[in-house]
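Notes follow the structure.
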Amino acid sequence: MIRPEEIKMSAEETGKWGMVIDQDICTGCQACVAACAMENNITFVGEVDSGYGRSMHWIRIERFWEGEYPEVKMTPQQPMMCQQCGHANCEPVCPAFATVHSQAEQLNLQVYNRCVGTRYCANNCPYQVRAFNWRDYQRPEPLQNQFNPDVTVRRMGVMEKCTFCIQRIHKAQDTAKSEGREVRDGEFTTACAQACPANAIVFGRVDQPESLVSQLKHRRHGVKHLEELGTLPNVTYIKGG
Amino acid sequence: MAEKVDLLAVFPDLEPAANAVERLRALGVHDDRMNVISGVPVTEAMLGRAPQWTNVPRIAMGGAILGFGVGVFLAYIAPFLYPYPIQVSTQGFVPGPPTAVVLFEMTMLGMLLSTFLGVFLESFFPNYRPMKYLPEISDGKIVVFFECAYAEENKITDALKKLGAESVRPAEAQPL
Amino acid sequence: MSEQFSRRDFLKLAGLGAATTAILTGCGPASRYVKREPYQQMPEYNSVGQSTYYATTCRECAAGCGLVVRTYQGRAIKAEGNANHPLNLGKTCARGQATLHGLYNPDRVQGPSTGDWDSAIQSVADAFKNYKPGEIAFLMGMAPDHLFDLVGDLTAAAGMDAPIRYGALSMFESRATLSKAAENLFGQPGLPWFDVGNAQAVFSFGANFLETWLSPVAYTRGFVGLRQSETKLRGVLVQFEARMSATGAKADHWVPLRPGTEGLVALAIGKLASELRGGATPRIFSGVNPAEAAEQAGVELEALEAMAQIFASNAVLAIPGGAALGQSNGLETAEAVLALNALSDNFGKPGGVYLSALAPNQTEYSGPASTEEMAGLVEKMKSGAIKALFVHGVSPVFELPAALGFKEALANVELFSFATFPDETAKEAKHVLPDHHGLESWGYQRVATGVSQSVLSGSQPVVSPYYNTRATADVLIAAAQLAGGKFAEALPYKDEVEFIQTKLAALLGEGDGSFSAPDAATFMAYFQQYGGWFKNSNALIAPDGSGALNGSIEAGEAEFAGEGEFFFVPFVSPTLAEAGANKPWLQELPDPTTTVMWNSWIEINPATAHELGVEDDDVVKVSSEFGALELPVYRYPAIRPDTVAIAFGQGHTAYGRYAENRGVHAGDLLGARFNEAGDLAFGGVKVRVEKTGRKQPLSRMESIMGVYGVGLGGEEH
Amino acid sequence: MSDKQHHAEHSHEEHLREKHLMLDPLPRGKMNEMVMEAMLAKPTWKWWLVFSILAAIVAYGLFYKWGILIMKGQGEAGVMRPDYWGIFLVNTVFWIGISHAGTFISAILRVFKAEFRRPFTRAAELMTTFGLVQAGFSVFMHMGRVWLAYWLFPYPNQRMMWPNLHSPLTWDLLAITTYLLSSTMYLFLPLIPDLAMARDRSTGWRKNFYKILALGFRGTEGEWTHLRHAMNIFAFAIIPVMFSVHTIVSWDFAAATRPGWNSTIFGPYFVIGALHSGMGAAIAVLAVIRGTMKNMSYFIRGEHFDAVGKLMLIISMGWAYFFFNDYMVQWYGGDKWTQQLLHFHEAGPMGWMWFAMLVCNIVVPWAILWNPKWRATPWLVATVGLIINVGMWFERYIIIPVSVTINRMPFTWKLYKPGIEVPMSIGTVALFILLYMIASKLIPLIPVWEVQEGQMAHEFKKFGRETVVTVSELE
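Protein chains in written order, with the numbering used here: chain A, 383 to 623; chain B, 6 to 181; chain C, 54 to 770; chain D, 52 to 526.
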C-alpha cells in the first residue's frame, strides 16, 4: 500500500542523466552504433529486414543534404537515440506499464518482460527511436558467447530502446556506494560515448552544474530536438561550430 | 368448503379477452386468481388489469451503483496498491480525465449486466418445470387462466363462450 | 575504470611470464585461462559476476589501436579502447568494436587442413627443407608485428627473400607513393604524419583521413582539434576529391576535381596564393596556368581563387592521399601537394608535416609493399621462381585486383595459409594452418603512424583459443626446429612468448619509457597490463623541406585505361574494408555516407542518372577494360557527374556466410597500371555504365522518401 | 359515394398495404410458419458450397495464418518502423464500426419509435455481435505477444501491478468488453419470445435446443412487463456505450503525438464513420436475407431499403461534414509535418486510395440515394452499401498505415506493404458471413412478435375524403 506522501511526480526541466552531442565534430563513423550493439546484445536482422525499417539499432546517425551539386553539402550528422524525455509520450500509452519513468534515475525504463507488443509507445515516440523485435532473430553458435550478461536478451514481440546503458549506471553506483561516495562525473560513460573517436558524445549528470555535460550544454548553444513538443528531452545537440 | 378448479379460456383476440377479464371479475373471480398469457406484449391497461409490479429498474440501478464502485476502485484505489508509485510521463499518479472513462464504462457495464440479470430473477428464468401453457399462445391466441369454485365452472364457461372464447377447459401443467 | 581492473589483475599477470610457456603449448593453467562455463541460467535472467579486463591490440586494421577487452566467465564480452594507449586514447572505430564478431564468428577455420598439427607442422618443415631458400616467399599483413620480425629473422638466416607486407588498405592509401614522395622531397624515407589538430587550415587532396586513411581514429582526434581548440580559432578544412567522402562531408569546402588533376590544382592554388601574398612566385609553380588548371580540373577558376584566398591568409597544411595518388601521375601529385606546405613553411612544425615516429624497436622506416612489388611476386610465382608461398594476415586473392592474376599464379606454388577465417586465399591453399584470432594471440605491433610518440603496442590472449588453432609463430618455430640446421638456429625459441620476451628484453634498459621494469618477466607483465610500451617524448621526425619550392614538378595529365565515359573512384568502405565483411554487425552498420547496409552500390550523380535513364535501385552494368560488374544504383548527390564510385569491401566469394556472394568486388574493374612509386593507379580506369532493366532494392538506413523526397508525390526535393 | 371513388379509395389502401409491412397484417400463426419455414428450409447444395468455401477460407486465412503469425512473429506482417500499426488495427476499427449499425437500428430507432425498424432489428443486432467478434480477433492479431493478452485485463499481477489506466488501449479494452457483453444481452432479450415460438413448433433436438434457450418463457403479463422494462433500459443505456466505444477507439489515435492524428474532431468523426459503414453493411445483409431466404420478401420490403437508404444519405452527408471539418483544420494549422502528410495523402503513392475513399463515401451514395425509386431497389442500395464499406475501409487504411508513414523524423519515413494481413483480413470477412449463415439456420431472424405488435398498432383512418395511416402508442 502506497502512502500518498510517497508519491512525488517529477516534472523538473532537467532530468538526472543527460547527453550532449556535438554535431559539428561527429563524423558519422558509426563507432557508437557498433559499440551500442556490442554492449547491449542488440541483434542484427539481415539485409531484407534492415532495408524494410526493421533494424534494431538503438542509435542511428541521421544526415540530410542541402543544395545542388556542386554546392551540395551534407547536413551535420545527427546521432539519434532515445532522448530519455522528462515528459515522455511513450510512457502513458502503454497498457501494461511496460515503459515507465524511473523516479530514481529520471530515465524512461523499458520493462521487457512486461511488454505485450502493442507497439503504441513506438508509435507515439516523436523521435522514432524505439526498436521492436519483429521476429526471433537467430545468432548462430558461437556468437551468443559475446552476450553481455548485464543486459537482458530480448525475444520476439518485445519493444526495446536505448537505456543510457543503465547497467553501467548501476555498476558505477554500486562501486561508489561500496566506497561510500557519490558517483563522480566522467567516472563511467555509455558505450557510445566511450567509443566515439571524436568525443562528439558526452554523457553525465545534467543536474550537476559543474559536470561536463552541463558545462557544454550552457557554454555552447545547445538545442533540444523537437523541444516544441514539450517532451523535455535529456539529450542536447550542438549544431554549429 | 367448496372445491376449486383451474380453467383456461382461449381467445382469438384482445377485445374478447379484455371483456372476459371484466366478466370474470364480475363473476367473483378475484384478479390475482387470473393470469393472462399472450404472444405479444399486451399491457395490463389493455386488459383492464391492475398494473404489474417489476423490480428490473431497481435492480438496474443497484447494478449501476455497484459498477460505479468497481470503477472507483480501479481508478482511485488500485494505484495505491502498486508495489511502488509508478510514474508515466508527468501525468498525475491518479490521472484526471481517464478516470471519467473508467467510471462511465464500469457503471454502464454494471447497469446492463444487472438489468439482464433482473429479468432472470423477476421471471424466475430459467425454469423448465411443467407449466400451464398452450402452444397456440405463440400463434397469437390470448389465454386467460383462472381459478374458480367447482360449482361455478359451467356458469363461467357459458359466460366466456358467449364472450367469444374458442374453448374453455381445465388447465393442466404440461412440459413446455 | 578499465585500468583499475587491469591493475587489479597485475599479480595474476605477473605470474604469467613464467606460466606462458605451458599455455602456448596448449595446456594452460586455469589461473590464466578462465574456463568457459555454460551459463547456469539463460542470459535473460542476468547472472551477475566479476568481469576481468585485459589490454591488447586491435587487429582489425594495421593502425594498432589499444584495446581493453572485458571478459566474463572466460568469454570476451566487449572490446573497449585502451585509455592508456597513446594512439587511440581509449577510443575505437566501428571495426574495432566488432572485433568480437570475428572472435565468435560462426565461420572460423576450426583446425589445420591436415587434421592434426603435427603433420601440418611437418608439411611446413618439409617445405623449408625441400625448396631452395629462393623458392620460398612469405606474404604477410600490413601490420609490422612480432610475427613479421620472427619471419624476418627466419628468412634472413635461411637466405630467403625478406617477407613482404601487403594489404588492400595500403594500396588505397597509396602508402608507397607517400613515402616515396617524402623521400624525393626530404631526402629521407618515411611515412608522413600530418598534424591536423594544430593546423589553422587543412587542404586535403583526396586524403579520406576520417574514414580509412592511415589511422582514422587518430586523425579524427586531429580533426576535432582543428575544429575546436581552446587555443586557436576554428580551423578550416577543404577537401579536393571527385566523390564526397565522409571527410569531404565534414569539410567547410568541398571542391570536386576531375580525377588526376589534384597535383595540377595544388600547384595552381600555390601559384595564386603566392601571388596573393606578393613576392616572387616560387620556381615550382612557374609551369602552371591556373585558368588552364581549372579548365582541366573541371571547376570554376573562381573556386580555385577562393581557395587560394584561404590558403594565402592561413598557414595551410596540405595533405596528399588516397584517390589523388592512385593515378598514373600520383607521385607528382603527392610531391606537388607536399611542396605546398613549404608555402606555409610548416615542415616539422606544430600543425605541419612530420615523418611518423619510428617504433621503439625499429631502426628505419619500412612500409608495406607497393602493388607493383606484388605484381613482381606474382610474376615470380608464374615463372616458377617461387614454389612455396606462406600467407598470413592478408588475403591476396581478395585484396589484389583480379587483373594482377594472383589467383592464376597460385597454380604453380604450394600455398600455406595461416588464415583465421576461410577466406579466398585459404580456399586456394594446399595447407591451411589456422592462426588464433587476434584476441587469442600474443604479440606486439609497431604503431606505424598517427601518434607523436614512439609506440610499441602489445597483444595478449584475452580468452582461451576457441578452436583447434595455433599461433603461426609457434608453428614456424616448431617447423624450423623440425627442419633443423640454419632454420633451427634462426629460431632458437621454445615458443612465441619466449621470442616476444627476447625481443622486448632489448627495451629493458631504454629510458623515457611509459614504464620500466627490473627484469624481463616483470616487463612482460607490465607490457601486457598496459597494452604496450611507448616513449613519453615526442619522437616525430622533422623533415627538411627547404628545397621543396625550388624543385620543378611536371604534374602531367593522368592516363586513363579504357574508353568508358566515366571516371571510376573505388573507395574503401570504412565499416567493411578488406576484412570486415564477415562480421554481421559490420554488415548491418549503415555506410556513413549512403547509409546502405549489407550490399554494394554504385554512386552516380542524379543528373547523370537522369541522362542514363536510371533510378535508384536500378541494376546497371559497369564495365572497364578489365572486367564488368552488375550492381544497383545509388543516386549520390555529391559526386561529379562524370564520375562513378563503388565501395571496396563486399564481393567475397568465400569468407563465411555473412560475406559470401554479397555485393560486388570493386577491384574487378581495376587494371594493373602503376604510378612511379609503384602504387596501383586504381583511379586510372574509365568505365562504361549501361542499364540492365533489372531492379534490386538496396537496404538503406535512411528513408529515400524523407531524405531525397522520392515517392512522396510531387517533385523531389 | 360512387363506385369509382370507392374503387380509387380502395386501390389506394391496397397500394399502401403492398408498400408497408405494418399495414399488411397476417395472422400471427401464418407469420410464425413463414419464419420457421425460412429457418428450417433444407440447405441447398449451393448453401453448402458457399458454406464450405467460407469455412475453408476461415480455416486457412484466419486460423492457420494466425498460427504462423504467432510462431514467426509480427515480422510476417507488413509492419515496421515507422508503420508500427498496420491492417490489423484497420480491421479492428472497421469491424467495430460495422457493429455500430446494429445498435443504431435496434436502439436509437427503437427509442424514437421508427416503425420500419421492426422486421430487421435482429439481423442488425447480430451484426453488432458478429462484427465485435472480428474486431476482437483483429486486435489480438496485432499484439506482438498475444499469448500474454490476459495481462491487459484489470486484475493485479503478482507484484500488485494493475493495467495502466492512463492508456487509451486500456479504456478500449473496458469499452469494447462492455459493448460486446451488453449488445449480446440486448440481442438475446427480444429473442426470448421468438425462441419460445420456435420451441412451440419444433421437434427433435431443436425442441430441446429452443426449450433451453427460451428459459421457460410463456408470455405471462409479468414476463412481458419485465422484458419491456429491461429492453427500454437497454435501448437507452446502450446508445452512450456505443458512442463511447468508437470515441475511445478514435482516442487511440487522437491522443497520440502524431501529425494528422492529434485532432479533437476524431471522436464524432469516427462515430459517424462507424455508422456510415455499419448502415452500408446492414442494408447489404438485408438484401442477402431477402434474396436468399424463404418468405422474406413479405417481411423485408422496398420501404425498408428506402428508409435505410435515407439514413445512409444523411449519414454520408454527416461523414462528409466531419471529414471536411478535420481536413480544413489540419490544413489551416499549417504545421509543416501536417502539411507534408496532407500532401502525401493526396499526391503520394496511396493517393489513389484517398480519392477512391471520397468517391465511395460521398459521390456514390449522393448520386444514387437521392432518388426514391432507386432507393427502394434492394440490390442497388445494397451495392451502394458495399461500396461505402470499401470506402470506409480505405478511410481507416489512410488514417493508420498511410498516415504513420509521415512523422517528425523524415529519416525514418517508409511506406507500408501488407504481408500476412491480407489472407487474415479475408479470413475475418469470411468468418463474419459464416456466422450469419449459421445464425440464419438456428434462430428466427425476424422478431415476429415485434412485427405483430407493430401491425396491431397500425390502422387506416379517414380524414374527410383522405384515408391515412395512423399508429397508436402501445406502450
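Ideal placement from N, C-alpha and C gives every residue a C-beta, glycine not left out.
Check, Outcome
"Contact set for M538/A: own chain, Cβ-Cβ below 7 Å, skip 5 residues either direction", "N515, R517 and D518"
"E64/D (DSSP reduced to helix, strand or coil)", "helix"
"Neighbour list for S626/A in chain C, Cβ cutoff strictly below 8 Å", "In the structure as shown, chain A starts at 383 and stops at 623, and residue 626/A therefore has no counterpart that could be examined."
"Given 8 Å, three or more beta-carbon pairs between the region 161-178 of chain C and the region 481-493 of chain C", "yes"
"Beta-bridge partners of I403/A, as assigned by DSSP", "I583/A and Y619/A"
"Alpha helix (DSSP H) segment containing C418/A, residue limits", "A413 to E421"
"Pairwise C-alpha distance: L71/B and L224/D", "20 Å"
"Residue span of the alpha helix (DSSP H) that contains M66/B, given as start and end", "V61 to V77"
"Counterpart residues of A371/C in DSSP-defined beta bridges", "F256/C"
"Euclidean distance between Cα positions of A462/C and S470/C", "15 Å"
"Residues near W444/D in its chain [Cβ-Cβ closer than 6 Å; skip 5 each side]", "F145"
"Burial state of M420/A, where buried means 16 or more other Cβ atoms lie within 10 Å", "buried"
"Nearest-angstrom beta carbon gap, A299/C and L263/C [assumed within contact, 8 Å]", "5 Å"
"First through last residue of the beta strand (DSSP E) which encompasses R442/A", "R442 to E444"
"Which of helix, strand or coil DSSP assigns to D11/B", "strand"
"Three-way DSSP call (helix, strand, coil) for T571/A in this model", "coil"
"Residues sharing a beta bridge with N40/B, DSSP", "F150/B"
"Alpha-carbon to alpha-carbon, H71/D and R134/B", "41 Å"
"Inter-residue spacing [alpha-carbon to alpha-carbon] between A7/C and A376/C", "There is simply no residue 7/C to check, as chain C begins at 54 and stops at 770 in what is shown."
"Extent of the continuous alpha helix (DSSP H) run through G746/C", "That residue, G746/C, is in no alpha helix (DSSP H); its beta strand (DSSP E) goes K739 to K748."
"E90/C, buried or exposed, once every other Cβ within 10 Å from all chains shown has been counted against 16", "Because the pLDDT of E90/C is 47, which lies under 50, any placement of that residue in the model is unreliable, and the question is left without a value."
"Inter-residue spacing [alpha-carbon to alpha-carbon] between G612/A and Y87/B", "28 Å"
"From L279/C, L557/C and L751/C, residue whose alpha carbon lies closest to that of I407/A", "L279/C"
"Candidates G759/C, T109/C and L751/C, of which the one nearest P579/C by Cα", "Per the sequence shown, the amino acid found at residue 579/C is Tyr instead of Pro. Nearest option by C-alpha distance: T109/C."
"Selection from G212/C, P216/C, A190/C and I189/C that minimises the alpha carbon distance to D202/C", "P216/C"
"7 Å Cβ cutoff met for A89/D and K262/D", "no"
"Which listed residue (G53/B, V10/B and G44/B) has its alpha carbon closest to that of R30/B", "G53/B"
"Chain D residues whose Cβ lies nearer than 8 Å to that of G764/C", "G399, P400 and L466"
"C-beta neighbour in chain A for Q57/B, strict 7 Å", "no"
"Given 8 Å, three or more beta-carbon pairs between the region 145-153 of chain C and the region 174-191 of chain C", "no"
"Cβ-based neighbour list, L437/D, same chain, cut-off 7 Å, excluding 5 preceding and 5 following", "G331 and A335"
"Contact check, T172/D vs S157/D, beta carbons under 7 Å", "yes"
"Close-in-space but distant-in-sequence residues of the same chain around V296/D (CB under 7 Å, 5 per side omitted)", "I147, A226, I227 and Y230"
"Start-to-end residues for the beta strand (DSSP E) that takes in F247/C", "P245 to F247"
"Beta bridge counterpart(s) of R296/C as assigned by DSSP", "I692/C"
"Sequence-distant residues of its chain with Cβ nearer than 7 Å to W117/D (five each side left out)", "M192 and M475"
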